[in-house]
Amino acid sequence: MAIVGTIVAYIFSQDIGAMMIVVTIVILILYLMSEFVRNFSKYSIALFILFIIIVVPILLGLVGLAGYGTKFSIYNEGWDGLTSLRANLENEGYNITNGMSSLAVLNRITDPGIVAIIGPAANYGTIDTISLVTFLAKGGSLVIADDYGTGAQIFEPFFSLLNSWDEIADMSNGTIPSLLDLFGFGGENQTAGPETLIFSMLGMLRGFAFNGSVLMDAETYTTNPAQPLLRNMETSNPLTDGISKGLQMEFGTVLSLAIRHNDTITGEEKTDWMPLQAISLEIFGVEIEDMFLPFLPFYTSRSAWMESDFQSAKDGEAFPDADEWGNVMFAPIMTLPIGLGKIVMIGDPDIFINKWIDKPEENDNLIFSRNLFSYLGSDMNVTAGSAIPIIFDEGHAHQKFYSASVYSMAIMKFITEMSMFPLYSPFIPVLLAVIAYPLIPKKTRLSPVLWTKYRGEQGKSRFEREIRRIVDSGAYSEAVGLLYRSMVRGLRKVSKQSMSSPEEIAEYFSIKYPSLRFKDLYGELVKINEYLNRPRFIQEFLFMRYMTFIKGLIDRL
């Protein structure tokens, strides 16, 4: 373990001090594990968990491995971190914070803000979705940048409800409006803006996802077709302001929608997944090719395709196959206004990493980032004098085992969900009280049990305290008698015989311990019995002689 820790530290830090700290962590963990096994108890379990949650993250932070453990983190200064993005946003006047646990933390934020989900890897649940929807309903905005992660999971409960909405509306006999009634065009004079156009499609939508195949562009790219440079734009979209060099992507993907439609041949209703792209259609005999849509700001060239073989894309050896989407202008970014807030979905979190943000001479990723958060924060009704908060979701980021926060984040996420979700957080104190009650130390009245310890009290036994009192007061005869009777009780318990006379006691010890002579034992025991039968004052040296003799017999029991 120590050798493995040393190697890990050398690889990630190349520093002798870091290696020594990692070795120390490993040694401490091994020590605690040995103590845990040897002294197993509920308290040792608690101490071991506290060490993992508190001490290990601190030591890992001192080593410097923490920044390399979280991809797409605003604290990661490596090439795949977001520290350059964070610094530029702070210079723009935004209040940068993080969510290290569940999205349920949004329930405690009163002012609207921007939630940034960049490259999520951990799973999202229903609680996260409900908390996020509540946040958006209060005027907040959301940006999700993902390619092969878990970003689309946030929308799964929404589409589950959407897919069953019309069935519920039919069963309600008109009480609940259908999707067509809610989002359809209301009249022939109604203007079809970006919002009404996308909402009119809700009746056809059955799902949303990040495609998962690698977006390739053989016409405009940097060093590999898997690094497309987006230069085709819908200039009416505010995200394209000031973009001239292009938006750099790297192993990204496109956004796909599950569309319900009628089959052109059979006429039966079916659902197909389709990546977002520039549309081609024919209106009044006029063919329109590659028409850009206002809510899709960036497009690839027509030489783009979706590569399903990731390894060949990585090696630069990929070519479009007949069964792969291609020969269209894909749209990897979508903007969606929702009342006071906005939602932006991006098919590549690498757009924001330090590697590309720090190269303004080659791309416009920094300009795009500024446009993005300016768009998300526009018309946001925050408290006067307050900066717009941007909450980066670090709790669902890709965590490695040596990340400083990975051990404590799981506990924090559990505590956050338990304490902040309004449906069951009021019952948590009661549940904790029921669980903790057996662990509370019980207080009982002090009651002596023979010469043993008092119940409910730690420390010396009653016998030990009585001896101390007798010695301090000078009542030596009482002390000798107390110790002699204790020896007789112990002898009866061990031998299972009722013996009390000096002869019986001397015979027992002389037989069991041949080194002890019967004559010597018998003579000393007779003197002690005579003294106890007629208590009188004895000198201290004689008292110590009797006490040592009796104590020697007790030790042999």
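Residues 493 to 1049 (my numbering) are what the sequence shown spells out, left to right.
Even glycine gets a Cβ: it sits at the ideal position worked out from N, Cα and C.
Just so we're clear, the structure is a prediction, and the values are computed from it rather than from any experiment.
Residue from P767, M766 and R752 whose Cα sits closest to the Cα of E760: As a first step, residue 760 is located in the sequence shown; it is residue number 268 there, counting from the start. E760 has its Cα closest to that of R752, out of P767, M766 and R752.
When Y1038, D885 and G1015 are compared against S593, the one with the closest alpha-carbon: On the sequence shown, residue 593 is found 101 positions in, with the first residue counted as 1. Among Y1038, D885 and G1015, the Cα nearest to that of S593 belongs to D885.
Per DSSP, cross-strand counterpart(s) of Y791: The count along the sequence shown starts at 1 and reaches residue 791 at position 299. Answer is N724, bridged to Y791.
Residue from S793, M1036 and N754 with nearest C-alpha to L721: Residue mapping note: residue 721 aligns to position 229 of the sequence shown, counting from 1. When only C-alpha atoms are compared, the closest one is S793.
Stretch-stretch touch, CB-based, cutoff 8 Å, three pairs: the region 631-642 with the region 918-925: no
DSSP state of V746 mapped onto helix, strand, coil: For the purposes of this step, residue 746 is identified with residue 254 of the sequence shown, where counting begins at 1. DSSP places V746 in coil when its eight states are reduced to three.
N-terminal and C-terminal residue of the alpha helix (DSSP H) that F1033 is part of: Position 541 of the sequence shown, counted from the start, is the residue given in the question as residue 1033. E1032 to D1047 is the extent of the alpha helix (DSSP H) around F1033.
Anticipated Cβ contact below 8 Å, F790 with L739, distance rounded: One-based indexing of the sequence shown puts residue 790 at position 298. One-based indexing of the sequence shown puts residue 739 at position 247. That pair is a contact at about 6 Å.
Straight-line gap, T732 to L574 (C-alpha atoms, nearest Å): If you number the sequence shown from 1, residue 732 lands on position 240. If you number the sequence shown from 1, residue 574 lands on position 82. Rounded to whole angstroms, T732 to L574 spans 21 Å at the Cα level.
Own chain, CB closer than 7 Å to R984, minus 5 neighbours either side, in chain order: Start at 1 with the first residue of the sequence shown, and residue 984 comes out as number 492. Here the set comprises S990 and M991.
Every unbroken beta strand (DSSP E) within the region 817-868, with a cutoff of 3 residues, ordered by chain: 825-830 and 833-838
Whole-angstrom distance between L864 and A608, CA atom to CA atom: For this step, residue 608 is matched to residue 116 along the sequence shown. For this step, residue 864 is matched to residue 372 along the sequence shown. Roughly 11 Å separates the two Cα atoms.
Beta-carbon spacing of Y1005, R1048 below 8 Å: By one-based count along the sequence shown, residue 1005 stands at place 513. By one-based count along the sequence shown, residue 1048 stands at place 556. In contact: Y1005 and R1048 (Cβ atoms closer than 8 Å).
Burial state of E711 (16 or more Cβ within 10 Å): Start at 1 with the first residue of the sequence shown, and residue 711 comes out as number 219. Result: exposed.
Which of helix, strand or coil DSSP assigns to W657: Residue 657 sits at position 165 when you count from the first residue of the sequence shown. DSSP places W657 in helix when its eight states are reduced to three.
Residue nearest to A823 in terms of C-alpha spacing, selected from G666, G744, E1016 and D1012: Against the sequence shown, residue 823 aligns to sequence position 331. Ranking the options by Cα distance to A823, first place goes to G744.
Per-residue DSSP class, three states only, for R1026: Residue mapping note: residue 1026 aligns to position 534 of the sequence shown, counting from 1. Here R1026 sits in coil by DSSP.
8 Å CB neighbourhood of I646 in its chain, flanking five on each side removed: In the sequence shown, the residue the question calls residue 646 occupies position 154. Excluding sequence neighbours, I646 sits near I609, Y616, D620, T621, L624 and I636.
K988 - DSSP class collapsed to helix/strand/coil: Within the sequence shown, residue 988 is the residue found at index 496, counting from 1. Of the three classes helix, strand and coil, the one that applies to K988 here is coil, per DSSP.
Closest residue to W817 among V746, T875 and K806 (Cα-Cα distance): Taking the first residue of the sequence shown as position 1, residue 817 is located at position 325. Of the listed residues, the one whose Cα sits closest to W817 is V746.
Min CB distance K762 to chain B below 8 Å: The displayed structure is made up of one protein chain only, and chain B is not part of it.
Neighbourhood of L1013 by C-beta distance below 7 Å, restricted to the same chain and skipping five residues each side: Counted from its first residue, the sequence shown places residue 1013 at position 521. Closer than 7 Å at the Cβ level, and outside the excluded window around L1013, lie A998, F1001 and S1002.
Distance between P881 and D764 (C-alpha atoms, nearest Å): The residue given as residue 764 occupies position 272 in the sequence shown. The residue given as residue 881 occupies position 389 in the sequence shown. Looking at the two C-alpha atoms, the distance is approximately 38 Å.
With 16 other Cβ atoms within 10 Å as the buried cut-off, status of K851: Along the sequence shown, read from residue 1 onward, the residue named residue 851 stands at position 359. Exposed, since its Cβ has fewer than 16 Cβ neighbours within 10 Å.
Own chain partners of I771 with C-beta closer than 6 Å, once the 5 adjacent residues on each side are dropped: In the sequence shown, counting from the first residue as 1, residue 771 sits at position 279. Excluding residues within five positions, the ones whose Cβ falls inside 6 Å are M783.
Run of the beta strand (DSSP E) containing R737, from where it starts to where it stops: Counted from its first residue, the sequence shown places residue 737 at position 245. A quick correction: the sequence has Lys, not Arg, at residue 737. Note, K737: premise wrong, no beta strand (DSSP E); not H, not E.
Candidates M798, I825 and F627, of which the one nearest A814 by Cα: As a first step, residue 814 must be located in the sequence shown, where it is residue number 322. The candidate whose alpha carbon is nearest that of A814 is M798.
Euclidean distance between Cα positions of A614 and M837: Counted from its first residue, the sequence shown places residue 614 at position 122. Counted from its first residue, the sequence shown places residue 837 at position 345. Looking at the two C-alpha atoms, the distance is approximately 18 Å.
Buried versus exposed, by CB contacts within 10 Å (16 or more), N846: Mapped onto the sequence shown, residue 846 falls at position 354. When all chains shown are included, N846 counts as buried.
CB of F1041 within 8 Å of CB of E1022, strictly: Translated into positions along the sequence shown, residue 1041 becomes position 549. Translated into positions along the sequence shown, residue 1022 becomes position 530. No. Outside cutoff.
Helix, strand or coil at A879 [DSSP, three-state]: Sequence index remark: in the sequence shown, residue 879 carries index 387 (1-based). Of the three classes helix, strand and coil, the one that applies to A879 here is coil, per DSSP.
Burial state of P709 (16 or more Cβ within 10 Å): Position 217 of the sequence shown, counting from 1, holds the residue named residue 709. The sequence given here has Asp at residue 709, not Pro. The residue in question, D709, is buried, as its Cβ has 16 or more Cβ neighbours within 10 Å.
Residue environment, S861, which counts as buried when at least 16 other CB atoms sit within 10 Å: Mapped onto the sequence shown, residue 861 falls at position 369. Buried, because 16 or more other Cβ atoms sit within 10 Å of the Cβ of S861.
Backbone secondary structure at K630 - three-state DSSP: Translated into the one-based positions of the sequence shown, residue 630 becomes position 138. Three-state DSSP puts K630 in coil, outside helix and strand.
Cα-Cα separation between T626 and V874, rounded to whole angstroms: What you label residue 626 is simply residue 134 of the sequence shown in a count that begins at 1. What you label residue 874 is simply residue 382 of the sequence shown in a count that begins at 1. Approximately 16 Å between the Cα atoms of the pair.
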